[in-house]
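Protein chains: 2
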Amino acid sequence: MSVHLLQTATSVLLKDPTASLADVARAAGVGRTTLHKRYPTRTALVRAVANDALDLIDSVARQVDFGSDDAIEDLITRLVALGPRVEFLLRFPGLERDEEVRTRIEAMDQPVLDLITRLQGTKLRRDLPAWWILHTLYAGLFNAWEAISYGRLAPLDAPRFVLTTVFEGVGNAGSTDRA
Amino acid sequence: MSVHLLQTATSVLLKDPTASLADVARAAGVGRTTLHKRYPTRTALVRAVANDALDLIDSVARQVDFGSDDAIEDLITRLVALGPRVEFLLRFPGLERDEEVRTRIEAMDQPVLDLITRLQGTKLRRDLPAWWILHTLYAGLFNAWEAISYGRLAPLDAPRFVLTTVFEGVGNAGSTDRA
DNA sequence: ACCGTTGTGAACATGAGTGTTCACCTGCTG
DNA sequence: CAGCAGGTGAACACTCATGTTCACAACGGT
Chain A
1 MSVHLLQTAT SVLLKDPTAS LADVARAAGV GRTTLHKRYP TRTALVRAVA NDALDLIDSV
61 ARQVDFGSDD AIEDLITRLV ALGPRVEFLL RFPGLERDEE VRTRIEAMDQ PVLDLITRLQ
121 GTKLRRDLPA WWILHTLYAG LFNAWEAISY GRLAPLDAPR FVLTTVFEGV GNAGSTDRA
Chain B
180 MSVHLLQTAT SVLLKDPTAS LADVARAAGV GRTTLHKRYP TRTALVRAVA NDALDLIDSV
240 ARQVDFGSDD AIEDLITRLV ALGPRVEFLL RFPGLERDEE VRTRIEAMDQ PVLDLITRLQ
300 GTKLRRDLPA WWILHTLYAG LFNAWEAISY GRLAPLDAPR FVLTTVFEGV GNAGSTDRA
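Protein chains in written order, with my numbering: chain A, 1 to 179; chain B, 180 to 358.
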C-alpha cells in the first residue's frame with residue numbers, strides 16, 4: 001500500500017495544489033500521522049513526488065537510444081504514456097522555485113536539447129532555437145495529458161496527435177490534402 | 180492608482196498563486212483594508228482579475244474580422260501582445276472550477292472554434308479535431324509568454340514564432356530547407 | 001466651513017493547515 | 001511469550017490568511 005502513496009499524492013495535488021495534507025492522507029487511505037512520519041513537512045512531500053516523477057522519466061529516458069534518428073518520436077511516445085506522474089513537474093505551482101528540483105529538471109533537459117540540436121537541419125528546422133522546440137514538445141505533451149484527463153482524447157491516439165502536431169503543425173501545408 | 184490594482188494583482192498572483200491578500204495590497208501600494216473594500220473576498224478578487232482579462236480579450240477580439248482568412252493570424256498576433264494579463268486565465272490554479280469564469284471562457288472559445296472549423300480544409304488540417312487545434316494555439320501562446328517573461332524571447336519575435344510553429348510545426352518538412 | 005467619499009492603520013475573532021507528541025493497537029520475529 | 005517495528009487516532013500549540021470593524025486622516029465639491 002505504501003508504494004501507491006506518492007502516486008496518490010501526485011493526483012490529489014495535481015487536481016488541487018492547495019489540498020491539505022489531511023486530504024492527501026485520506027485519499028491514500030493512510031493516517032495523517034503516518035504521512036507525516038514519512039514526509040515530515042509539506043515541501044518534503046512535494047519534493048518526493050517531484051523526485052518520483054523525475055525517477056520515472058529517468059527510467060524511460062534510459063530506454064531510448066539517443067543516437068537514433070527516431071529518438072524524439074520514441075521519447076515522446078513513451079512520455080505521453082507516463083501521464084499525470086510527469087505532468088506534475090510542469091504544472092505544480094511554485095515547483096520551479098525549488099532549487100533542488102529545478103536543477104534536476106535542467107539536468108534532464110540537457111540531453112534532449114543536445115538531441116534536438118543534433119537533429120536540426122535534418123529532421124528539425126534550423127531556424128528555431130533548440131529551447132523553443134523543446135518547449136513546443138512539452139506543450140504538446142501537456143495538451144495531450146489534459147485532453148486525456150478530460151476524456152476528450154483516447155490515450156492510444158495521444159502519441160500520434162502530439163507527434164503530427166508538433167512536427168507538421170496544424171496548417172494545411174501547401175495544397176496536399178492530408179485528410 | 181486604482182486602475183493599476185487589478186494589473187498588479189494579476190502579476191503578483193501569477194508569480195505566486197498562494198500570495199496573501201496583504202502581499203497583493205502591498206505590491207499595489209494600497210492598504211489591505213482598501214483592497215478588502217473593493218473585493219470583499221479572495222475569490223472576488225481572483226474573479227475580478229479573470230474578468231478583467233476576459234474584458235481585455237473581448238476588446239481585442241472585437242477588432243478582428245472573423246470573416247477574413249487571416250483571422251487566426253491576426254487574432255494570435257494580438258493575443259501575444261496581451262501577455263500576463265491573459266496568461267492568468269490559462270495558468271491560475273483552480274480557476275477552471277469557478278463556474279462563472281469557466282462559462283465566460285467557453286463562450287469566448289466558441290467563435291474561435293467556429294473559425295477553426297470553417298478554415299479546416301483550406302488553411303487548416305481536416306484530420307484533427309477543432310478543439311485540439313484550439314488548444315495547440317493556446318499552447319503556443321503560453322510558450323511565448325513564458326519565454327518572454329524569462330527574457331529568452333523578444334516580444335516582437337513572439338508572434339512569428341508562435342504562428343510558424345503552430346502552423347508548420349518544428350519538423351523540417353520534406354526536403355525543402357526552411358532555414 | 002461642512003460633509004460625503006475614499007483610503008488608512010490598528011485591532012480582533014475565527015478558522016484552517018501544520019508540525020509535534022503520545023498512548024494504543026497490530027503483526028511479525030526472535 | 002517477549003519485544004520490536006510500523007501504523008493509527010486524538011490531542012495540542014502555533015502560525016497565518018482571512019474577514020470584519022472602527023476611528024481617524026485627506027480630499028473635493030457644495
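Using N, Cα and C, we set each Cβ at its ideal position, and we do this for glycine too.
Take the Cβ of Thr165(A) as the centre, count every other Cβ of all protein chains shown within 10 Å, and call the residue buried at 16 or more, exposed below. Under a 10 Å Cβ-count criterion, Thr165(A) is classified as buried, with 16 or more other Cβ atoms of the shown protein chains found around its own Cβ.
Beta carbon of Leu235(B) nearer than 9 angstroms to that of Ala188(B): No. Outside cutoff.
Taking the alpha helix (DSSP H) that Phe161(A) falls in, what are its first and last residues? From DSSP, the alpha helix (DSSP H) with Phe161(A) extends over 158 to 168.
So, do the segment 124 to 137 of chain A and the segment 311 to 326 of chain B have three or more beta carbon pairs nearer to each other than 8 angstroms? Contact between the segment 124 to 137 of chain A and the segment 311 to 326 of chain B is present, because at least three Cβ pairs lie under 8 angstroms.
Separation of Ile284(B) from Leu292(B), as counted between CA atoms: When the Cα atoms are used, Leu292(B) and Ile284(B) turn out to be separated by approximately 12 angstroms.
DSSP puts Gln120(A) in a beta bridge; with which residues? In DSSP, Gln120(A) forms a bridge with Leu124(A).
Any alpha helix (DSSP H) of 4 or more consecutive residues that is wholly inside the segment 251 to 324 of chain B: Listed in chain order, they are 263 to 270, 278 to 298.
Status (buried if at least 16 other CB within 10 Å, exposed otherwise) for Tyr150(A): Result: exposed.
Cα-Cα separation, Thr43(A) to Ala147(A): Roughly 29 angstroms between the two C-alpha positions.
Is Ile266(A) close to chain B? Criterion is C-beta to C-beta, closer than 9 angstroms. Outside the shown range of chain A, which is 1 to 179, sits residue 266(A), and nothing can be said about it.
So Leu5(A) and Ala22(A) are in contact, right, with Cβ under 8 angstroms, and what is the actual spacing, rounded? The Cβ separation is near 14 angstroms, so there is no contact.
Glu100(A) to Glu168(A) span [Cα, whole Å]: Taking the CA atoms as reference points, Glu100(A) sits about 36 angstroms from Glu168(A).
What does DSSP give as the partner residue(s) for Gly29(A) in the beta ladder? Answer is none; Gly29(A) lacks a bridge partner.
When the distance is taken between beta carbons, is Leu214(B) closer than 9 angstroms to Ala232(B)? Cβ atoms of Ala232(B) and Leu214(B): not closer than 9 angstroms.
Mind checking whether Ile72(A) and Leu115(A) have CB atoms under 9 angstroms apart? Yes, Cβ-Cβ distance for Ile72(A) and Leu115(A) is below 9 angstroms.
Using 10 angstroms around the beta-carbon of Gln120(A), count the other beta-carbons present and answer buried if the total reaches 16, otherwise exposed. Looking at its Cβ environment, which holds 16 or more other Cβ atoms inside 10 Å, Gln120(A) is buried.
For chain B, is any of its Cβ atoms less than 9 angstroms away from the one on Val86(A)? Interface annotation, Val86(A): not in contact with chain B, CB-CB separation never under 9 angstroms.
Where the alpha helix (DSSP H) through Thr43(A) begins and ends: That run of the alpha helix (DSSP H) goes 42 to 61.
Let me see if you follow: with CB-CB separation under 9 angstroms, is Ile312(B) close to chain A or not? For Ile312(B), the answer is yes, since a Cβ of chain A falls inside 9 angstroms of its Cβ.
Who are the neighbours of Asp16(A) on chain B, taking C-beta pairs under 9 angstroms? The answer, in chain order, is Pro272, Gly273, Arg276.
Compare the C-beta of Gln289(B) with all C-beta atoms of chain A and state if any pair is closer than 9 angstroms. It does not: the Cβ of Gln289(B) has no partner Cβ on chain A nearer than 9 angstroms.
At the level of alpha carbons, what is the spacing between Gln63(A) and Ser11(A)? Near 25 angstroms, if we compare the C-alpha coordinates of Ser11(A) and Gln63(A).
If the cut-off is 9 angstroms on Cβ atoms, which residues from the segment 298 to 311 of chain B count as contacting chain A, listed in chain order? When C-beta distances to chain A are compared with 9 angstroms, the residues of the segment 298 to 311 of chain B below that value are Leu298, Gln299, Gly300, Thr301, Lys302, Leu303, Arg304, Arg305, Asp306, Leu307, Pro308, Trp310, Trp311, in chain order.
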